[in-house]
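**Student:**
Numbering (the working numbering), first residue to last: 1270 to 1536.
(1) Taking the alpha-carbon positions, what's the residue 1486 to residue 1425 distance?
(2) Going by CA-CA distance only, name the one from 1361, 1422, 1369 and 1419 that's closest to residue 1395.
(3) Could you pull out every residue in the same chain whose Cβ sits closer than 6 Å to the Cβ of residue 1407, ignoring the five residues on either side in sequence?
(4) Suppose contacts are defined by Cβ-Cβ distances below 8 Å. Is residue 1448 in contact with residue 1434 by that definition?
(5) Helix, strand or coil, according to DSSP, for residue 1284 in the structure here?
(6) Just the Cα atoms here: how many angstroms apart are residue 1336 and residue 1330?
(7) One question on the structure: do residue 1217 and residue 1442 come within less than 8 Å of each other, judged by their Cβ atoms?
(8) Please classify residue 1472 as buried or exposed, where buried requires at least 16 neighbouring CB atoms within 10 angstroms.
(9) I'd like the span of the beta strand (DSSP E) that includes residue 1429, first residue to last.
(10) What ranges does the beta strand (DSSP E) occupy inside the region 1345 to 1428, keeping only unbroken runs of at least 3 residues that lie completely in it?
(11) Could you tell me the alpha carbon to alpha carbon distance between residue 1313 and residue 1483, rounded to whole angstroms?
(12) Buried or exposed: which applies to residue 1363, given that a residue is buried once 16 or more other Cβ atoms fall within 10 Å of its Cβ?
(13) Can you find at least 3 beta carbon pairs, one from the region 1350 to 1358 and one from the region 1381 to 1393, that sit closer than 8 Å?
(14) Thinking C-alpha only, which one of 1481, 1377, 1318 and 1504 is nearest residue 1341?
(15) Locate the beta strand (DSSP E) running through residue 1453, then write down its first and last residues.
(16) Would you list the residues sitting across from residue 1463 in a DSSP beta bridge?
(17) Nearest CA to the CA of residue 1300: which residue from 1351, 1401, 1464 and 1328?
(18) Candidates 1365, 1393 and 1392: which alpha carbon is nearest residue 1382's?
(19) What runs of the beta strand (DSSP E), each 3 residues or longer, lie entirely inside the region 1311 to 1336?
(20) Would you mind working out which of 1323, 1507, 1491 and 1307 sits nearest residue 1500, comparing C-alpha positions?
(21) Would you tell me roughly how many angstroms separate the C-alpha atoms of residue 1509 and residue 1333, rounded to the nearest one?
(22) Would you kindly check if the distance between the Cβ of residue 1524 and the Cβ of residue 1288 is under 8 Å?
(23) Do the CB positions of residue 1437 and residue 1481 come within less than 8 Å of each other?
(24) Tell me, to the nearest whole angstrom, how far the beta carbon of residue 1367 is from that of residue 1402; I am working on the premise that it is less than 8 Å.
(25) Looking only at its chain, what residues have a beta carbon closer than 7 Å to the beta carbon of residue 1534, apart from the 5 residues adjacent to it on each side?
(26) What number of angstroms, rounded off, separates the C-alpha of residue 1493 from the C-alpha of residue 1466?
(27) Are the Cβ atoms of residue 1444 and residue 1456 separated by less than 8 Å?
(28) Could you spell out the range, first to last residue, of the beta strand (DSSP E) harbouring residue 1448?
Okay, here's the thing in structure tokens:
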């Protein structure tokens, strides 16, 4: 591992695409420059062993103290000393461990890992970017819109939105998504989606953190709020493009395009 010494903790200013906060380390993925860990003494350590050269990192996930990287070369897990491919070698955009089963959003649909290894689970003819596993529904964000599987009815509904949907969340019972056109998509609970542009901000993603939904944009970080019977954005941090966030204690950690890793106290 390569350690950077004698630098301010946020000295790396190249674009960051994803961030995850653990109890001992802060993990950040850069666009074209690899994945880094920042320890309590504010030292940067590049986690490069085992990762193919030139790999693009789409998302990081930290669950049950296991760090996964969704990349252009597949899904990788950090074993403490190197990256190990988790059995998927196709481009991967999201990973979650749900009830003991691993799920991955990939270039060729949603995959699930059972006793026999990875298998196609849904939407194999579409590029899948994100998904939510709800008690009644499986919701999949894909290259042409949103696909919804109703477990009670054993039936699929496909919402063709003429845009790729890149992230998903649920807010006050409404399904919320973001498109590759920078829009916020809000379900009306009647099978339709309203497409909203909040002035000039280009929306990168929505992030569910506890009871809050954060919105990452090219103008800064916002939080969703419900005022006067409509959804609006409240500013949290303005002035820099925020691509991803995570929370640890009272701190908000933000991955930005041009200003490295930024922190904000929630209090």
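Just so you know, even glycine gets a beta-carbon here, dropped at the ideal spot from N, CA and C. These numbers were taken from a predicted model, which means no experiment stands behind them.
**Tutor:** If we stick to the structure as given:
(1) Their backbone Cα atoms lie some 31 Å apart in a straight line.
(2) Comparing Cα positions, the closest option is 1361.
(3) Only 1418 meet the Cβ criterion.
(4) At a Cβ-Cβ threshold of 8 Å, residue 1448 and residue 1434 count as neighbours.
(5) Under the three-state reduction of DSSP, residue 1284 is assigned to coil, being neither helix nor strand.
(6) Each residue's Cα considered, the two are about 6 Å apart.
(7) Outside the displayed range of the chain (1270 to 1536) lies residue 1217, so it cannot be described from this structure.
(8) That one is buried.
(9) Note, residue 1429: beta strand (DSSP E), 1424 to 1429.
(10) For the region 1345 to 1428, the continuous beta strand (DSSP E) assignments of 3+ residues that do not extend past its boundaries occur at 1352 to 1354, 1361 to 1367, 1370 to 1375, 1378 to 1383, 1386 to 1391, 1397 to 1402, 1406 to 1411 and 1414 to 1419, in sequence order.
(11) CA-CA distance, residue 1313 to residue 1483, rounds to 26 Å.
(12) Counting other Cβ atoms within 10 Å of its Cβ, residue 1363 reaches 16 or more and is therefore classed as buried.
(13) Contact between the region 1350 to 1358 and the region 1381 to 1393 is present: 3 or more CB-CB pairs across the two stretches fall below 8 Å.
(14) Nearest in C-alpha terms to residue 1341, of all of 1481, 1377, 1318 and 1504, is 1377.
(15) From DSSP, the beta strand (DSSP E) with residue 1453 extends over 1453 to 1456.
(16) Paired residues: 1455.
(17) Of the candidates 1351, 1401, 1464 and 1328, the one whose C-alpha sits nearest the C-alpha of residue 1300 is 1328.
(18) Nearest neighbour of residue 1382 by Cα position, chosen from 1365, 1393 and 1392, turns out to be 1365.
(19) Counting only runs of at least 3 residues, the region 1311 to 1336 fully encloses the following beta strand (DSSP E) elements, listed from N- to C-terminal order: 1313 to 1315 and 1326 to 1332.
(20) Looking at 1323, 1507, 1491 and 1307, the one whose alpha-carbon comes closest to that of residue 1500 is 1491.
(21) Using only the alpha carbons, I get a separation of about 31 Å.
(22) In contact: residue 1288 and residue 1524 (Cβ atoms closer than 8 Å).
(23) No, these two residues do not count as a Cβ contact at 8 Å.
(24) Yes, residue 1367 and residue 1402 are in contact; Cβ-Cβ is about 5 Å, under 8 Å.
(25) The beta carbon of residue 1534 is closer than 7 Å to those of 1519 and 1520 in its chain, skipping five residues each way along the sequence.
(26) When rounded, the separation of the alpha-carbon atoms in residue 1493 and residue 1466 is 13 Å.
(27) With respect to residue 1456, residue 1444 sits close: the two C-beta atoms are nearer than 8 Å.
(28) Taken as a continuous stretch (DSSP letters only), the beta strand (DSSP E) holding residue 1448 covers 1443 to 1448.
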